[in-house]
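First comes the structure, then the notes that go with it.
In this note's numbering, the protein residues as written are 1 to 334.
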């Protein structure tokens with residue numbers, strides 16, 4: 001986030017580089033930086049003659065260089081944006097010669113998603129000397145809830161920890177998907193609102209009572225009735241609640257409990273830091289560790305490994321996902 005802020009601040013000041021190479025596994029920030037350059041570097045009267053958007057699948061490196069070497073018309077500079085530049089991965093090193101001596105009146109932007117340049121090769125070294133190489137890295141799942149909170153805070157919204165966790169559980173780590181859902185909430189909710197699980201349920205369609213987050217909590221509390229109610233709901237709505245996701249979340253949860261059992265300092269701050277969880281959820285983990293001694297946790301992890309294979313169709317062709325989940329819960333809670 002800090003690197004993005006510095007990059008945007010420099011562009012706003014007019015401190016523009018001749019090449020911006022935006023690469024990495026997280027497309028969200030690549031799109032954000034590229035769109036910001038596309039929308040702000042030139043004014044509307046200049047864009048007609050001096051802004052061009054190309055697509056990697058439709059052009060060659062020679063085409064890109066040819067366009068980049070043009071002189072702007074009735075403007076200080078031109079902007080050339082290459083979207084889906086990863087489609088040129090086999091020939092991308094051919095851009096090195098241009099990068100060694102780029103056209104100073106051109107801002108060339110390459111969106112190189114889901115791939116990275118080899119830092120040992122000529123193109124990367126040339127780009128580092130004259131331009132900006134930005135690597136957009138995927139967030140870990142335990143970082144996404146905090147990212148949601150910071151994005152909303154920048155727009156004068158708050159979100160409860162449970163509501164943020166619901167979004168992560170349902171949408172995963174895809175920041176673009178999460179941002180789309182947050183934009184929907186910002187349309188219907190006034191500034192200053194604290195977004196709650198009820199808001200998520202009403203506007204996004206994620207059940208606040210029947211989701212993997214609540215399943216994990218019920219299992220941790222050994223609340224057999226609630227766990228089986230959720231399993232029944234999942235069985236009735238299998239497309240929205242694939243078992244493989246439930247097993248993955250429970251496996252992560254019990255792996256964290258195993259770590260917790262091995263800790264000498266079990267103060268809330270130490271637990272939150274070691275398990276990389278929001279302090280709001282620490283009591284949930286501490287309660288679960290009391291309900292599941294270390295020997296039981298080890299057993300549950302083995303059971304989850306078994307059911308992970310079964311949930312993917314190995315050795316359980318005639319058993320429905322709903323029945324598998326019920327069987328899994330019996331073994332965990334029994």
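Even glycine gets a Cβ: it sits at the ideal position worked out from N, Cα and C.
Assuming contact is defined by CB atoms lying nearer than 7 Å, are residue 52 and residue 67 in contact in what I supplied? yes
Burial state of residue 83, where buried means 16 or more other Cβ atoms lie within 10 Å: buried
Exposed or buried, residue 91, counting other C-beta atoms within 10 Å across all chains shown (16 or more means buried)? exposed
So residue 272 packs on residue 220, CB below 8 Å; how close in whole Å? That belief does not hold up - the Cβ atoms of residue 272 and residue 220 are roughly 16 Å apart, past 8 Å.
Less than 7 Å between C-beta atoms, sequence neighbours within five positions excluded: which residues of the same chain meet that for residue 215? 227, 230 and 246
Applying the criterion that 16 or more other CB atoms from any shown protein chain within 10 Å of the CB defines a buried residue, is residue 37 buried or exposed? buried
Around the C-beta of residue 180, are 16 or more other C-beta atoms found within 10 angstroms, so that it is buried, or is it exposed? exposed
Bridge partners for residue 52 per DSSP, in chain order? 80
Could you pull out every residue in the same chain whose Cβ sits closer than 6 Å to the Cβ of residue 168, ignoring the five residues on either side in sequence? 144 and 145
Compute the distance between the beta-carbons of residue 185 and residue 28, then report whether it is under 7 Å. no
The beta strand (DSSP E) that contains residue 106, what's its start and end? 106-113
Quick one: using the 10 Å Cβ neighbour count with 16 as the cut-off for buried, is residue 23 buried or exposed? buried
What runs of the alpha helix (DSSP H), each 4 residues or longer, lie entirely inside the segment 155-215? 161-171, 175-188 and 197-204
Cross-strand partners of residue 21 (DSSP beta bridge): 110 and 133
Spatial distance of residue 4 from residue 323 (CA atoms): 47 Å
By the 10 Å Cβ neighbour count, where 16 or more other Cβ atoms means buried, how is residue 50 classified, buried or exposed? buried
Under three-state DSSP, which class holds residue 237? coil
Would the beta-carbon of residue 153 fall within 7 Å of that of residue 200? no
Secondary structure at residue 60, three-state DSSP: helix, strand or coil? coil
List, from N- to C-terminal side, the beta strand (DSSP E) runs of 3 residues or more that fit wholly inside the segment 288-324. none
Three-state class that DSSP yields for residue 103 in the structure shown: coil
Once DSSP output is grouped into helix, strand and coil, what is the label at residue 75? coil
Hey, residue 304 and residue 250 are a contact pair by Cβ (cut 8 Å); roughly how many whole angstroms apart? 6 Å
What did DSSP end up calling residue 223 once you bin it into helix, strand or coil? coil
How far does the alpha helix (DSSP H) with residue 40 in it reach, from first residue to last? 27-40
Looking at C-alpha atoms only, which residue of 286, 211, 93 and 41 is the closest neighbour of residue 60? 93
Whole-angstrom Cβ separation of residue 103 and residue 56, contact assumed at under 8 Å? The pair is not a contact, with the Cβ atoms about 20 Å apart (cut-off 8 Å).
Between which two residues does the alpha helix (DSSP H) carrying residue 270 extend? 268-275
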